[in-house]
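Heads up: the sequence shown is residues 54 to 123, going by the working numbering.
Glycine included, C-beta positions come from ideal geometry on N, C-alpha and C.
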Amino acid sequence: GVAALEKAGTNVVNPRLQDWYVKLQKEQIGVAALGEMMAGRATPAETIKKIQAFADAAAKDQSIKHFRHQ
Numbered sequence: 054g055v056a057a058l059e060k061a062g063t064n065v066v067n068p069r070l071q072d073w074y075v076k077l078q079k080e081q082i083g084v085a086a087l088g089e090m091m092a093g094r095a096t097p098a099e100t101i102k103k104i105q106a107f108a109d110a111a112a113k114d115q116s117i118k119h120f121r122h123q
């Protein structure tokens, strides 16, 4: 926990998916991908492909504000 963070110093990234890309995280990754896998309707490999496709589409969508870690 804390010791690992102290050793990491500035080499830590705080994931911001949940507040930067709400629709992507909740509707697509959370429900359409992870939810389907947890319900037994998709394999882990299928889920990874689906999540990557959602992320690629979001990256290309100019109507979505895009963020970068500083």
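Where residue i sits in the DSSP three-state scheme
i	result
Gln81	helix
Ala92	coil
Phe107	helix
Asp72	helix
Thr63	coil
Residue i and residue j closer than 8 Å at C-beta
i	j	result
Pro97	Met91	no
Phe107	Leu77	yes
Val66	His122	yes
Ala86	Thr100	yes
Straight-line Cα distance separating residue j from residue i
i	j	result
Ile82	Ile104	6 Å
Val75	Lys102	20 Å
Val84	His119	22 Å
Lys113	Thr63	30 Å
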